[in-house]
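Numbering (our numbering), first residue to last: 435 to 640.
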């Protein structure tokens, strides 16, 4: 099986880490190169990426401004734009400048993977998917989380296990486990990593 090469350009390290985990789980042997901005990406020595994943809102040059530069360097690499505040106008601008697909960071991992697979296979993504906000752009269920669950969520983002979270919040490990399960259910994800990933995308945690 061919090992894919992805270039991920996003100035949020936690988002990059979360997306890299999702990609690694879906594409065995994948090679993921991360960069915080365009300047860092251009300094890297790497083979032609199969897909470039590019954040719209980068510090310095915006993602929209980066598209033409990346296309000159890797003309055959499709660019998938990622945005936390997507709009149809931004999506249309990205496509007009040479991007191949546009995704909201609010999308579930499965939806992201589906679009990436389409890019790898050279399939055209439906215009509606690219140029209109997805139904998944609605805010996450943050208002349904209790204060305690938000505390647990922030500690999960720090990589703490249940036992350490319980010690810090003066809760039993079983109680923490219950809060974690409630978080997974509310955020509609299957793992702690996906919970943190979704919460970061949705602005529930920094």
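Glycine is no exception: its CB is placed at the ideal position from the N, C-alpha and C atoms.
Nothing here was measured: the structure is a model prediction, and the numbers come from that model.
Which of helix, strand or coil DSSP assigns to residue i
{"i": "residue 442", "result": "strand"}
{"i": "residue 586", "result": "helix"}
{"i": "residue 606", "result": "coil"}
{"i": "residue 630", "result": "helix"}
{"i": "residue 620", "result": "helix"}
{"i": "residue 531", "result": "coil"}
{"i": "residue 560", "result": "Interpretation of residue 560 is limited by its pLDDT of 36, a score under 50 that renders its predicted location unreliable; the figure taken from the coordinates is listed afterwards. Note: residue 560 maps to coil in three-state DSSP."}
{"i": "residue 493", "result": "coil"}
Bridge partners - residue i, DSSP secondary structure assignment
{"i": "residue 469", "result": "443"}
{"i": "residue 515", "result": "488 and 536"}
Given residue i as reference, the closest of the options once Cα atoms are compared
{"i": "residue 468", "options": "448, 460, 461 and 462", "result": "448"}
{"i": "residue 484", "options": "470, 514, 472 and 502", "result": "514"}
{"i": "residue 543", "options": "499, 481, 510 and 630", "result": "630"}
{"i": "residue 441", "options": "526, 609, 516 and 614", "result": "516"}
{"i": "residue 546", "options": "437, 456, 500 and 527", "result": "456"}
{"i": "residue 481", "options": "602, 465 and 493", "result": "465"}
{"i": "residue 637", "options": "624, 591 and 599", "result": "591"}
{"i": "residue 595", "options": "581, 579 and 613", "result": "613"}
Chain B contact for residue i (CB, 8 Å cutoff)
{"i": "residue 627", "result": "Of the protein chains in this structure there is only one, and it is not chain B."}
Alpha helix (DSSP H) segment containing residue i, residue limits
{"i": "residue 550", "result": "543 to 555"}
{"i": "residue 506", "result": "497 to 507"}
{"i": "residue 481", "result": "No alpha helix (DSSP H) holds residue 481; DSSP gives it neither H nor E."}
Nearest-angstrom beta carbon gap, residue j and residue i [assumed within contact, 8 Å]
{"i": "residue 532", "j": "residue 501", "result": "5 Å"}
{"i": "residue 616", "j": "residue 583", "result": "6 Å"}
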